[in-house]
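To convert, note that position 257 of the sequence shown is 257 in the UniProt record's numbering; the numbers rise steadily by one, no gaps.
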Amino acid sequence: MTHNLLEIFDQEIKPALFDELKKDNLAIDEVTYQHLTIIHASILGGLIDKAKKDKGAKTIKNLLEKGNHDGAIINQIPEIFESKERLSDTKKLGNSLLAFVFDEGTDKAFEKIQHFLSEKYQTTEEDLIEANRMIAPFSLGLIGRIVHDEELNEQQVAALLLENEPHIGSRFPGLAKVLGITYTPSSEPNQDAPKEAAPNANTEEKSTSQITEKEKPEPPKEPRNSTSLSDHRLFLKLVWPWLALFAVSALSLFLLQKFQSKPVESQPDNPFNFIQSDSLIQDNERSYTLPGNTILKVTKFSITDSLLMHLSQNEGQVNDTLRFVNPAIKFQDSSAVLTPSANKELAEILSVIRSYPTLKMDIQIYYDSTFQKQKPGVVSQQVKNLTNYFTAFGINSERVRVNRSSLKTQKLSTKQDSESEMEATPEDGDSIVLEAASQPALVSDKKVALLFYNAPENPADSLNIDE
């Protein structure tokens with residue numbers, strides 16, 4: 001059974017989305033209404049391109065199943081807009097999904113789409129980002145509902161996406177060209193009739209314009225004394241752009257000379273720069289010892305931002321195991337459900353791992369022994385959920401590994417045979433803290449150790465825990 005994903009979106013999702021957007025902003029017009037479908041079409045185009053690649057359909061199917069994209073979100077549009085927290089979480093989810101859809105050539109693809117939409121609909125970059133973040137969860141939810149209800153396999157998922165190529169090409173030929181979608185008009189029914197009627201309309205319009213042109217009276221001739229005034233206006237019209245360019249150049253040169261002495265922070269080469277950053281700013285100040293006895297102070301940046309700064313300053317390499325402390329990742333009320341802040345932090349960590357292919361990560365979860373005995377099912381599901389999060393985005397177990405241990409008295413030894421010991425004081429069993437540092441150190445009452453490294457050996461060589 002074929003599914004026109006554009007028509008289903010127009011019938012089931014777009015009216016409800018438009019009504020909610022209209023409530024918040026009365027200035028939204030019919031042009032914005034058309035934006036919703038064309039953004040949905042661009043996301044479909046990205047998925048179609050992904051499905052054509054090796055194991056692309058398998059990756060898409062894994063994301064839909066392990067990410068619980070079963071279409072339930074489609075029936076929750078009013079509730080999402082009524083809650084600021086749920087609306088914010090939906091937009092953050094859209095960020096992660098866009099990173100998945102456009103994981104290769106993101107900048108070029110979005111630059112082409114932005115250029116196309118700005119010319120056709122006068123769309124700004126901010127509007128495009130906001131629309132993509134909002135629509136992506138519903139687009140994936142629509143596809144996921146079909147995959148879930150009809151129990152499609154990988155080949156059928158690819159067929160579902162590819163059969164929508166002609167639909168995108170017929171409705172948005174300009175966008176189809178930008179996305180590289182192959183479209184032949186003959187493959188779509190009822191496409192020839194309008195094309196045959198078009199020349200007649202053009203001929204009629206042309207003949208009408210010719211008759212009107214003949215009936216127009218000749219404009220009166222300008223007097224000779226107005227010729228000099230016209231020449232003067234023409235001169236100003238030609239010279240004015242050059243004067244404006246000169247003024248802007250002079251101002252830019254002045255600002256460059258004024259601020260050239262100030263240091264400029266190097267920014268990492270982030271392939272997802274079209275997605276707005278929602279990095280968490282920590283209130284407490286911490287120092288981290290990095291390789292080479294370098295002390296890194298984190299006062300204004302999150303753990304992820306600090307890691308990116310370190311990688312950019314070391315040509316994308318980690319010379320030793322890095323360990324940080326991050327209290328943002330927790331589970332909700334002794335359950336296996338990650339909190340919104342945890343999903344946000346994991347999305348940032350995912351972006352770092354995608355940006356640096358040689359970077360590897362180990363997650364060690366340490367549970368209070370009493371909690372582990374009382375709720376073994378919750379413990380297993382928490383470990384599974386963390387593992388599935390990265391697997392859903394195509395990060396295999398060779399780059400991210402999740403393990404668990406009991407939290408008692410911990411002793412850690414380095415290759416230099418240095419040892420330290422401390423009695424652990426566990427917090428609530430469902431609270432998770434991510435810890436990372438450049439040198440092996442005591443885990444203490446922290447529930448999770450998060451290690452970043454790019455060395456080929458087993459990280460257990462540099463971090464040994466004896467219960």
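C-beta: ideal position from N, C-alpha, C; glycine also.
Looking only at its chain, what residues have a beta carbon closer than 7 Å to the beta carbon of residue i, apart from the 5 residues adjacent to it on each side?
{"i": "L97", "result": "A136, P137, L140"}
{"i": "D70", "result": "G144, R145, H148"}
{"i": "I13", "result": "I74, F138, L142"}
{"i": "H3", "result": "I146, L160"}
Given that a residue counts as buried once 16 or more other Cβ atoms are within 10 Å of its Cβ, and exposed if not, what is residue i?
{"i": "A51", "result": "buried"}
{"i": "Q364", "result": "buried"}
{"i": "F246", "result": "exposed"}
{"i": "K84", "result": "exposed"}
{"i": "V101", "result": "buried"}
{"i": "E348", "result": "buried"}
{"i": "A158", "result": "buried"}
{"i": "S351", "result": "buried"}
{"i": "L36", "result": "buried"}
{"i": "A250", "result": "exposed"}
{"i": "A72", "result": "exposed"}
{"i": "D149", "result": "exposed"}
{"i": "F9", "result": "buried"}
{"i": "N68", "result": "exposed"}
{"i": "D54", "result": "exposed"}
{"i": "E82", "result": "exposed"}
{"i": "V248", "result": "exposed"}
{"i": "F254", "result": "exposed"}
{"i": "K23", "result": "exposed"}
{"i": "N132", "result": "buried"}
{"i": "residue 486", "result": "The structure shown does not extend to residue 486, since the chain spans only 1 to 467, so no value can be given for it."}
{"i": "A392", "result": "buried"}
{"i": "L64", "result": "buried"}
{"i": "G180", "result": "exposed"}
{"i": "L307", "result": "buried"}
How far does the alpha helix (DSSP H) with residue i in it reach, from first residue to last?
{"i": "residue 469", "result": "The shown model of the chain, from 1 to 467, leaves out residue 469, and the question about it has no answer."}
{"i": "I349", "result": "340–355"}
{"i": "I181", "result": "Unbroken run through I181: none, as it is neither H nor E."}
{"i": "residue 510", "result": "Past the boundaries of the shown model lies residue 510; the chain is included only from 1 to 467, so the question cannot be answered."}
{"i": "G94", "result": "84–101"}
{"i": "A159", "result": "154–162"}
{"i": "I8", "result": "5–8"}
{"i": "I13", "result": "Per DSSP, I13 belongs to no alpha helix (DSSP H) and is neither H nor E."}
{"i": "E151", "result": "Run containing E151: none; DSSP gives neither H nor E here."}
{"i": "F371", "result": "369–374"}
{"i": "I74", "result": "Run containing I74: none; DSSP gives neither H nor E here."}
{"i": "K58", "result": "56–66"}
Compute the Euclidean distance between the alpha carbons of residue i and residue j, then round it to the nearest angstrom.
{"i": "N284", "j": "T339", "result": "Any answer about N284 is weak, because its pLDDT of 38 lies below 50 and its placement is not dependable; what the coordinates show is given next. Rounded to the nearest angstrom, the two C-alpha atoms are 21 Å apart."}
{"i": "K258", "j": "D305", "result": "28 Å"}
{"i": "S355", "j": "L234", "result": "53 Å"}
{"i": "L142", "j": "T182", "result": "23 Å"}
{"i": "P241", "j": "I395", "result": "52 Å"}
{"i": "Q372", "j": "G94", "result": "34 Å"}
{"i": "G144", "j": "E165", "result": "18 Å"}
{"i": "I74", "j": "I80", "result": "10 Å"}
{"i": "S341", "j": "S334", "result": "16 Å"}
{"i": "A16", "j": "I353", "result": "36 Å"}
{"i": "S369", "j": "P376", "result": "10 Å"}
{"i": "Q76", "j": "M134", "result": "13 Å"}
{"i": "S312", "j": "L346", "result": "20 Å"}
{"i": "L116", "j": "I39", "result": "For the record, residue 116 in the displayed sequence is Phe; it is not Leu. Approximately 12 Å between the Cα atoms of the pair."}
{"i": "K66", "j": "Q11", "result": "27 Å"}
{"i": "K92", "j": "S252", "result": "36 Å"}
{"i": "Q374", "j": "A336", "result": "14 Å"}
{"i": "R86", "j": "A244", "result": "47 Å"}
{"i": "T358", "j": "A99", "result": "19 Å"}
{"i": "Q381", "j": "H310", "result": "33 Å"}
Residues in the same chain with beta-carbon distance under 8 Å from residue i, minus the five sequence neighbours each way, listed in chain order, please.
{"i": "L152", "result": "K61, I146, L160"}
{"i": "D19", "result": "none"}
{"i": "A41", "result": "L6, I168, R171, F172, L175"}
{"i": "N89", "result": "A small correction: the amino acid at residue 89 is Asp; Asn does not occupy that position in the sequence shown. If we look at D89 and ignore the five residues flanking it on each side, its Cβ neighbours are P340, N343."}
{"i": "K58", "result": "E154"}
{"i": "P78", "result": "A16, E20"}
{"i": "G46", "result": "V101, F102, A109, L179"}
So, at 6 Å on beta carbons, what are the nonlocal neighbours of residue i in its own chain, with the 5 sequence-adjacent residues on each side left out?
{"i": "V402", "result": "I363, V383, L386, T387"}
{"i": "V400", "result": "M361, F390"}
Report back the beta-carbon spacing between residue i and residue j to the nearest angstrom; my notes put them in contact at under 8 Å.
{"i": "V379", "j": "R404", "result": "7 Å"}
{"i": "V178", "j": "I113", "result": "6 Å"}
{"i": "I43", "j": "L162", "result": "Not really, about 15 Å apart at Cβ, beyond 8 Å."}
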